[in-house]
Each structure stands twice: as structure tokens, then as C-alpha cells.
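Trainee: Before I ask anything, here is the structure I am working with.
Chains as they are written, first to last, in our numbering: chain A, 1 to 404; chain B, 405 to 808.
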């Protein structure tokens, strides 16, 4: 049995980043750049006003206040066709291009309009370049605006559009196959007979992949039979990652291991000192990653968060692999009965500058009713037997923490 | 000009939650339940072990240690077909069903195996029900496991599967149309001529919608011409929400307003005391929401975060409308030149139990290079002219905060 930290490290050490693939920029949100992006133009492409105000030649107001004739109006997104002559100014909006002849902008708060707006009095002297972003100041044509390894959040989609980068190399998001095993499992639309339970893990795992931006394929349920299992596993190995649930208890595990070994697989670990989720297996068949997660629903989702998610994020090229872990104030006493590092379902919230954490009462790793109310995990170290109210604790936030 | 707070309140007051729609449960991740969900079965459906250990009849070990014959092994997900007789026990795994005749489980740490595992010595007395979750203890058939208004995170997809709820009423995610206006705009694949700029806002907004789980349709670019504008706006009003960018500067605004008024529209506000993003318009045409956002890219994305996102979340039925706002330590001096509530692009991070915030140097609301590096906004109140290093500040985190 290895520690959680070792399990994560071994997993990451054997998880390579995906190969780059070219994609339309509109489909790149949530992925990671696999190339530097150069701008094909100066940004800004013109001398741009930083303020709502009056564009002018600083020569006209360099040393003292000045009265200038207002000869035009330049809204953002317009292209001024006129040229300022000495003694002239133009009303200009934030983001708009300066007209020819202007080299500065005096903001609207520091002017006074006269003669029904035909004349503007510049109340304070103006230096060249005041409130102006010169053409190319943000980036020059040919310069890198983005570097490989950058996570593509929404503003970066805009930057790709602005620089004309319509085809983008990103790390190919892995495709995931999901396979549940167990004779007792039935599909969710079926009413279980005694001894049967509905397959829920496959759908939880699919939802977790989906929130990560990953496509996954549910391969259904493999019966506890070697041929059936081999058939499904071979199908699963067509994907980049195979997530299995169930089939890691004693007898079953042999079956899964036998099949994977016959297919040339290698196991890195088979037990992790995590609660819930001890019987967790990580292996590879060729280049394909295989995780065999416990069948208990809370266990399989928890191991996904703690071990599988970092691996998937690494494959995607993410700069950050793990869920955020914050320090929180425990709101009620917690007794830890585990001999393993305990990831206990909790509700965490942020209030008045602090995180707070309330461990949920749960009836174990099958209690999905309680688990569905959690948004985080209280992480309790192995050697900590109890934690008192108001003690600081480490809490792993889940993805939807802020929405739940 | 109204305050940011008023703008948000007015917007929310005029934004109804969407109507419920029935969807396959596998497609509900990230949406919100519009009905209570009742379990169609007891959970757990059997007496379930909370521990790895030995299932037994507590009568056999009620008062003192006992030696019992091991007659079976029950892994999780199996269905024990045998019945325990007095003096017998069965090895059982966490999550597995107790066999008939057993009413308690003694955990593996408190037993000793004898006679090559054929006999188990129970080292401490056992009370009825020890380490067992009784059938139906989490929820009884017919009871509610989930209530309307619950945000559907991944574990809830699993709970829906487990309770056989394959068709689910959710609040219908709004469909969004995105319309950029301006003669100067060209598509991203085109190299702009002098006076032209690429349309980037449409794609940033689409990416923002996509991360919210919303489908959006880019309607292209409307020229500054009433007929062209009307044609596109009529198309946009077929969607639940129309997001426009640009066309809110002085002259243009009249055009947009004229068209919307002709179509029976009503405006709630046309200027907001926010920097960047002052010329922001919110209105409705019939039941359809219309936001006309500024054309400057940082402005339009910022107004989306501060005002549009809460409205979209309310439509989706979310329990939380706004992005999280945290208290952070400012890492460098910030001078506030704005007369409006300033949402300044920042990098925020969490370290050693605290948030820190570094305001980015930016060249204004056109500076998408700098904006693309931000993951949050430093919120600077109107009356605050400067903030010193190490002062506490309010920071609005964006969605991808933890990944950037």
C-alpha cells in the first residue's frame, strides 16, 4: 500500500502530456496552447486613446491652458479620416484611434466646453503622448503574445481572434473510455432486482470528464467473466485513458489483472492509503493509461479527484494539476477512524475573509446521498485521530465549489 | 449613470428564471434541478457494511470475544446467497451487503485469524448494528433525495442514475445570440486594412458562454446601417438573450436604440458607473433580454462578468449568481484614476492561507494582451484614490481562477 502522495507522483511520472493537434480557435476554450502565438500586426494597430477626452497636438497646449476648435468626434471603432490642424482638437472616446496631427488626449474631466461645444478649453498643460497608447506598444507584429503552455481562458480566445490566429496548436484533450464491471450492475433505467444495483459510477465519471472539457465514451458494464472483460477492455484501450470501476476487490482484481497482463499491461500500484478508495489500481498497456477505481461510488469519485484528475490535467498540458487546497476553520468536531489519509466529504464556504469547513455526516463510501451535498473534502492526515471545532484544516475544493 | 450595484439589481429584477424542460440525466451536468427527485428504492437497498471486516450475528459476540467459523467472502457489489448460522461469520468488504443472519460487522483491525483463516477471533464484543448501514437508512423509497433548485454537480449525476431518474426537469439553459456591430470589424481570418480591426469580442463572449455551459450563436457583424442592424437584431431576438457589442457610443447608440424601440423594446439603463464599461445598455424586447456592451474588448468581457453572468445564472436557476469575491492582500501600490467603480485586471493567487492580488499594468480597455494574463479583478471603490501595498482589497475571481 502506498501513500496518496506517492500514488500521485507515480501516476504523474508515468503520464505524458498529449501530442499537439491543430484546432479551430473557437474550439480551444479550456485547453492549453502547444505553441507560441505571434501577433501578425501591431497592437494597438494605431495610436489609441486611453480616455474619453479631447485629442490634440501637445504643441498647442504644452506649457499652458489652451482653447482649441473642436472639429470632429471619434467614437471607439471608428477610423478618423480628417487631420488636425494647429489649434484644433477632436472629441475622442476610450479605445478610439487618434486622428493624424494629434499626439495626446486630455481627459474630459480636465476640459471645459465653450461656445456650445465648438471650442474646448484645455484646463491643464499636455505633454506629448499623454493618455495615448502608441501603435505597437502592447505588442509589435511578429512578437509573441502568448507562449506554449498557456491555459486558454475566454480572454485568450479573444486575443487569438484579434491576432488572426484562427488555427491553433493545442495539446490534444485525451479521450476517455469508461467501463464498469460487475454482474450486479444494471442500467439506470432498469429497476434493480434484489442483489442488483444501478450503475451510477460510469455517469458520475462521465460528468467529471465533461466538466474537464473531455469527451468520454461509456462502454457499458462488463460481466465478471474473462472473455467479456477482455472484449470490453480491448475496446477501452482504443482511447487514451481507460477508467474502470469495480472489479478491484480481491477475486475480481485477479481477473482484471489477468486480462491486462495478457494484453501486455504493467501495474504501478494496486493499493493506496486513501480513505475512501484503497483498492485503486494504476497501470498502462502500451501508451494507454488504465485506472481501475473502486466500485463504491464515493470512492471512485474521490479517487478521480485526488489521483485521476491530476493525470488528465497533465495530459491536457495544464499548468496546474491538482484541485486547490485551502486552509479552513473546522465548524464542528471531527473524529477520524481511518488508518489511511482521509478525504472526508465536506461543505466548505468562504465568508468574511476565511474559509470554513463542515464535515458531512456520512454512512461511508456508499452514501451518495450525503456525498451529493458535499463540495469539498476535509483532508485528515493518517496520524490525526480527532480535530476540534475551530481548528484549522486542509480542504480540497472541488470544481463546482463556488456554485454549490 | 447608475451604480454597479443598481445595474446588477435592476438586471436581476427583470431577468426571470427559465422555464423547466425535461432532459436526459446524462446531459444535465452544470444545470439546475427544476423538480424534487424522489428515490424509487430504499438506499441502501440492503444492510450495507461500512467497513472491511467480518459480518456476524451480534448474539454470537454480544458480551465477550468470540471465535467464529468463516464461511464466506462478500466483496462489494456481490449478492451473498448464503445464510449465516450461529457461530459463523463471513469476511465482508466496505459497501457490501450483509448476508442473511448477520446484523453487525467487526472491522478487520479488531479480529485475529486462526486456523489458516478458517476461524476468526472477534477481539471485542459487538453490539447489534455495529458498522452497518441499515436498508433504507439514507433514504426510503418515495422520499426526496434532491430538491428543486439544486445545482447539478457530478456526484448528483450519479445519484440520479442510482435512483433511476433518467429523465430530469431542469431549468432550460438560455440560448444566446452574439452580435458585433461596427463598420470597422472584420472576421479573424482576415488581415485588417488601416482603420479596420478584427472582431474578437464575439468569440470571447462565446467562450464565456461555453464555459457556463451555454450554447451561443454568433450572428456575425452588423454594419452601422439601420436596415442591416434591424435584420440582425430580429434574428438575435429569436434567442433567449441577445448580447451585442459595440454600437453603444454616442451616434451608434441612437441607431441601436431606434431599432430596438421600433421592435417594441424597453431600456432599463444606458450607462453604468463601472470602469471599464460605462456605455452599457440593458433592455428587453418582449421576454427577450438584450445587453448592448461596449466595443472595447476588456470592457465587454468585464461587463459580462459583472452584470451579464449573474443574469444568465439566474435564468439557469443557479443558487449563486455572482462570481466569488474574496479579500486579498495587495502586493503593490495601486493608483485609481477612475471616477467609476473600477474593475482592474489582476492576478490573484492563494498561498499560505491567504489570497494575494497583483494589479496588472494595463494600457486601458483595449489592452487585451494584458487582460489575457489576468484571472481576476481588483475592485476599487469610486472614492478610493490609491491603495497601498499590503492593504486588504476586494477581488472578484473569474471562473478559471484556479487554472491560471
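In this text, a Cβ means the ideal position worked out from N, Cα and C, and glycines have one as well.
What number of angstroms, rounded off, separates the C-alpha of residue 800 of chain B from the C-alpha of residue 753 of chain B?
Mentor: For residue 800 of chain B and residue 753 of chain B, the distance between alpha carbons rounds to 12 Å.
Trainee: Once you ignore the five residues that flank residue 144 of chain A on each side, which residues in its own chain have a CB closer than 7 Å to its CB?
Mentor: 36, 37, 38
Trainee: Taking Cβ-Cβ distances shorter than 8 Å, what residues in chain B pair up with residue 267 of chain A?
Mentor: Neighbours of residue 267 of chain A on chain B: none; closest Cβ ~19 Å, over 8 Å.
Trainee: Hey, how far is the Cα of residue 284 of chain A from the Cα of residue 485 of chain B?
Mentor: 36 Å
Trainee: Determine the closest residue to residue 455 of chain B out of B/501, B/571, B/608, with distance taken between C-alpha atoms.
Mentor: With distances taken between Cα atoms, residue 455 of chain B lies closest to B/501.
Trainee: Is the CB of residue 800 of chain B under 8 Å away from at least one CB in chain A?
Mentor: Among the CB atoms of chain A, none fall inside 8 Å of the CB of residue 800 of chain B.
Trainee: Within 10 Å of its beta-carbon, does residue 225 of chain A have 16 or more other beta-carbons around it, so buried, or fewer, so exposed?
Mentor: exposed
Trainee: Are there three or more Cβ pairs, one per stretch, closer than 8 Å when the stretch 28–35 of chain A is compared with the stretch 134–142 of chain A?
Mentor: no
Trainee: Can you check DSSP and say which residues form a bridge with residue 638 of chain B?
Mentor: Note: residue 638 of chain B sits in no beta bridge, so no partner.
Trainee: I believe residue 466 of chain B touches residue 529 of chain B by the beta-carbon criterion, under 8 Å. Please report the beta-carbon distance rounded to the nearest angstrom.
Mentor: The C-beta separation of residue 466 of chain B from residue 529 of chain B comes to about 6 Å, placing the pair in contact by the 8 Å criterion.
Trainee: My output table needs one value for residue 701 of chain B: the three-state DSSP class, helix, strand or coil.
Mentor: Residue 701 of chain B falls in the helix class under three-state DSSP.
Trainee: First and last residue of the beta strand (DSSP E) that includes residue 605 of chain B?
Mentor: Unbroken run through residue 605 of chain B is the alpha helix (DSSP H), 605–615; no beta strand (DSSP E).
Trainee: Is the distance from the Cβ of residue 805 of chain B to the Cβ of residue 780 of chain B below 8 Å?
Mentor: yes
Trainee: Following the continuous beta strand (DSSP E) through residue 718 of chain B, name the residue where it begins and the one where it ends.
Mentor: No beta strand (DSSP E) holds residue 718 of chain B; the alpha helix (DSSP H) holding it covers 713–720.
Trainee: Looking only at its chain, what residues have a beta carbon closer than 6 Å to the beta carbon of residue 620 of chain B, apart from the 5 residues adjacent to it on each side?
Mentor: 580, 582, 610, 613
Trainee: What did DSSP end up calling residue 492 of chain B once you bin it into helix, strand or coil?
Mentor: Correct three-state label for residue 492 of chain B: strand.
Trainee: Could you give the distance in angstroms between the alpha-carbon of residue 376 of chain B and the alpha-carbon of residue 436 of chain B?
Mentor: In the structure as shown, chain B begins at 405 and stops at 808. Residue 376 of chain B is therefore absent and cannot be evaluated.
Trainee: Okay, do the stretch 295–305 of chain A and the stretch 269–279 of chain A touch, 3+ Cβ pairs below 8 Å being the bar?
Mentor: yes
Trainee: Could you tell me the distance, in whole angstroms, from the CA atom of residue 473 of chain B to the CA atom of residue 367 of chain A?
Mentor: 30 Å
Trainee: Note down, in chain order, all residues in the stretch 757–774 of chain B with a beta-carbon under 8 Å from any beta-carbon belonging to chain A.
Mentor: 757, 767, 768, 769, 770, 771, 772, 773, 774
Trainee: Mind checking the stretch 160–175 of chain A against chain B and listing, in chain order, the residues whose C-beta falls within less than 7 Å of any C-beta there?
Mentor: Closer than 7 Å at the C-beta level to chain B, one finds these residues of the stretch 160–175 of chain A: 161, 162, 164, 166.
Trainee: Going straight from the alpha carbon of residue 363 of chain A to that of residue 342 of chain A, what length do you get?
Mentor: Taking the straight line joining both Cα atoms gives about 14 Å.
Trainee: Return the CA-CA distance between residue 418 of chain B and residue 706 of chain B, expressed in angstroms with no decimal places.
Mentor: 21 Å
Trainee: Given residue 391 of chain B, which residues of its chain have a CB within under 6 Å of its CB, disregarding the five upstream and five downstream residues?
Mentor: This structure leaves residue 391 of chain B out entirely; chain B is present only between 405 and 808.
Trainee: With a threshold of 16 other CB atoms inside 10 Å of the CB of residue 623 of chain B, please say whether the residue is buried or exposed.
Mentor: buried
Trainee: Tell me whether residue 87 of chain A is buried or exposed, calling it buried when 16 or more other Cβ atoms sit within 10 Å of its Cβ.
Mentor: exposed
Trainee: Nearest to residue 53 of chain A by CA position, among A/201, A/149, A/347, A/102, is which residue?
Mentor: Among A/201, A/149, A/347, A/102, the Cα nearest to that of residue 53 of chain A is on A/102.
Trainee: Once DSSP output is grouped into helix, strand and coil, what is the label at residue 269 of chain A?
Mentor: strand
Trainee: Applying a beta-carbon distance threshold of less than 8 Å, which residues of chain A neighbour residue 601 of chain B?
Mentor: 45, 77, 162
Trainee: Express the C-alpha separation of residue 725 of chain B and residue 749 of chain B in angstroms, rounding to a whole number.
Mentor: 21 Å
Trainee: Report the residue ranges of all beta strand (DSSP E) runs contained in full by the stretch 134–219 of chain A; include only those spanning at least 3 residues, in chain order.
Mentor: 144–146, 167–171, 176–181
Trainee: Would you mind sorting residue 147 of chain A into buried or exposed? The rule is 16 or more other CB atoms within 10 Å of its CB.
Mentor: exposed
Trainee: Please determine, among A/360, A/353, A/365, A/107, the residue with the shortest C-alpha to C-alpha distance to residue 374 of chain A.
Mentor: A/360
Trainee: What are the residues in the stretch 83–105 of chain A lying within 8 Å of chain B by C-beta distance?
Mentor: 93, 94, 95, 97
Trainee: Going by Cα to Cα distance, which pick from A/168, A/197, A/167, A/192 is closest to residue 181 of chain A?
Mentor: A/197
Trainee: With a threshold of 16 other CB atoms inside 10 Å of the CB of residue 106 of chain A, please say whether the residue is buried or exposed.
Mentor: Result: buried.
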